[in-house]
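Heads up: the sequence shown is residues 446 to 838, going by the working numbering.
Beta carbons: idealized from backbone N, C-alpha and C, even for Gly.
These notes are about the structure you will find just below.
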Amino acid sequence: MGMLAPGNWRESRSGAPQRRGSRGVATDLLLGLALSSLGGLGCGHALGDRPGQSGAAAGADVRQRHGGTSVTGGSEAKSSRRLARGDGSPLDAELARGDAAFADGDYRTARLAYQAALAQHAGDPAATVGIVRATLGEAEVPEGVNAAPGDPTLVAMADRLGALLLAAPEYEPAQLELGRIFLVLGEVARAKEPVLAAVRLEPNDPEAQSTLGIVSLLTGEREAAVVALKRASVLEPGDAQRFTNLATAELQAGLLADAIASYRKAAKLAPDDGSVRTSLGTALLQAGDVTEALPELEAAVRLDPTRAAAHNNLGFARQREGTLELAIAAYRTALALDATLGSAWINLGTALAKQGALGEARTAVTRALALDPEDPRAREVMGELDQLERTPK
């Protein structure tokens, strides 16, 4: 079992939420190797470096403020992100102004425009949803699943949307936004109803289908997640994120070949995205295809040299092909970038042990155990080191 590298989130071993700007033992011939976690929804955040965790839903990013859902992009899907209706009215002009500012990340200007729209029509649901979105952006509220439990701004905006939906329950963007807010608050059970309502109201909204896929993964409904995320990718086939999200669900459902195919589609759409290349390379490693994995992981570290997990997984691939010196160099680079990456300490220990440097290997694995004394991978490798040291030369 390998630990696979995050596809579309930044690694956060502490589990701390990040603002915008997913484990097991792999058995080598001698000692266990560990890959960093693979898979991730949206652009969110990684889980802690723990075995047995699926780096999928718990780190999912459920809000796509910057270019998340394309209004056109070759898709006929109706996007929930644009709030202007295109009717040429003064109110609609303010909504369009808010949409443009929101897309540019200018949340204050967006909020003011949406407020101006609401002033023209106090009951307009689009203006209220726009204010909610812009307020959250302006407040820099974290965007991952369970990233901000109890956050007062999120709670206030959820209350505001709840009141709006009493008067306008058929307004899909409000249902979807409320579901996403509940996900960020960590209230998955409460998120499901509004997300399902959004999909019922706008089944051709890729963002609604994608969010339903996230909710399904979080609630253990892996097959349903694959169905929803596949639908999102069909509705928006030009968006690489749709395919990386789908690949995550496919991995969780045990559909490794399908996941690799989805990652290949994402990489074709976004060849310069280091996280996508990391995910593809790591999925190929999981399939045992080191030859295909190596160029993807090499591209990943070239495109994003600050991603520790990419260096770790490149080292894993190098170790699999037998180039230990290159593997060790990659592990050391990963640890220079993130000294809390337990899998890299374990991998460094296994590589050093293969070279006969058992003392250095023990030091590396000890660092992994200091990060997590209960990590079964590190404990297993330490036991193997003990056995090797007791073996007569």
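For G794 versus A809, is the C-beta spacing smaller than 8 angstroms? yes
Out of R553, Y552, A548, Q560, which one is the CA nearest neighbour of E539? Q560
Report the three-state DSSP secondary structure of G733 (helix, strand or coil). coil
Any 3 or more C-beta pairs closer than 8 angstroms across the region 666-677 and the region 620-629: no
Mind reading off the beta-carbon distance from E737 to L748? Whole number of angstroms is fine, and I expect it under 8 angstroms. Actually they are not in contact, since the Cβ atoms of E737 and L748 sit about 17 angstroms apart, beyond 8 angstroms.
Hey, how far is the Cα of P535 from the Cα of A636? 34 angstroms
Looking only at its own chain, which residues have a Cβ that is under 7 angstroms from the Cβ of V574, when we skip the five neighbours before and after it? L528, P618, A619, E622
Less than 8 angstroms between the C-beta atoms of L663 and V640, yes or no? no
Between K713, A613, V672, which lies nearest to G568 when the distance is taken from Cα to Cα? A613
Nearest-angstrom Cα distance between S520 and P651? Unreliable placement is indicated for S520, whose pLDDT of 36 sits below 50; the coordinate value is still reported in the next sentence. Computed Cα separation, rounded: 9 angstroms.
Between the region 604-613 and the region 647-661, do three or more beta carbon pairs fall short of 8 angstroms? no
Please report how far the alpha carbon of L797 lies from the alpha carbon of V746, in whole angstroms. 22 angstroms
Using only the heavy atoms of the ligand FAD, determine whether one of them is closer than 7 angstroms to the beta carbon of E647. Within the structure as shown, the ligand FAD is missing, as the structure has no ligands at all.
Nearest to T687 (by Cα), restricted to the options S707, D703, A643, G787: Here residue 687 turns out to be Arg, not Thr, going by the sequence shown. With distances taken between Cα atoms, R687 lies closest to S707.
Can you check whether the C-beta of E741 is within less than 8 angstroms of a C-beta belonging to chain B? The chain inventory of the structure shown lacks chain B, comprising one protein chain alone.
Can the beta-carbon of N758 be found less than 8 angstroms from the beta-carbon of L742? yes
Return the first residue and the last residue of the alpha helix (DSSP H) that H756 is part of. 753-766
In three-state DSSP terms, what is G649? Checking the sequence, you will find Asn at residue 649 rather than Gly. Here N649 sits in coil by DSSP.
Just verifying my parser: in three-state terms, what is the DSSP assignment at Y616? coil
Below 8 angstroms between beta carbons: does that hold for R556 and I576? yes
On the three-state DSSP scale, how would you describe G595? coil
Measure how close the beta-carbons of A732 and A711 come, nearest whole angstrom, since I'm counting them as under 8 angstroms. Their Cβ separation, rounded to whole angstroms, is 16 angstroms, which puts A732 and A711 out of contact at 8 angstroms.
Give me the Cα-Cα distance between P570 and G787, rounded to the nearest whole angstrom. 48 angstroms
Buried or exposed for E834, please, with buried defined as at least 16 other CB atoms from any protein chain shown within 10 angstroms of its CB. exposed
Taking only the alpha-carbon atoms, compute the straight-line gap between D820 and A789 and give it to the nearest angstrom. 13 angstroms
Per-residue DSSP class, three states only, for P750: coil
Taking Cβ to Cβ, would you say G658 is nearer than 8 angstroms to A685? no
Nearest-angstrom beta carbon gap, V735 and R765 [assumed within contact, 8 angstroms]: 5 angstroms
Determine the extent of the alpha helix (DSSP H) in which Q800 is found, giving its start and end residues. It is not in any alpha helix (DSSP H) - Q800 carries neither H nor E in the DSSP assignment.
Within its chain, find whatever has a CB closer than 7 angstroms to the CB of L830; leave out the 5 residues flanking it on each side and keep chain order. A798, L803, A806, R807, V810
Close beta carbons around T598, own chain, < 6 angstroms, minus the five adjacent residues each side: A584, V586
Give the range of the alpha helix (DSSP H) segment to which L581 is assigned. 570-583
Coarse secondary structure for D551, derived from DSSP in three states: coil
Between A522 and R777, what straight-line distance do the alpha-carbon atoms span, to the nearest angstrom? Caution applies to A522, whose pLDDT of 36 falls short of 50 and renders its modelled position unreliable; the model cannot decide the point.
Restricting to Cα atoms, I'd like to know which of P716, G595, G828 is closest to G683. P716
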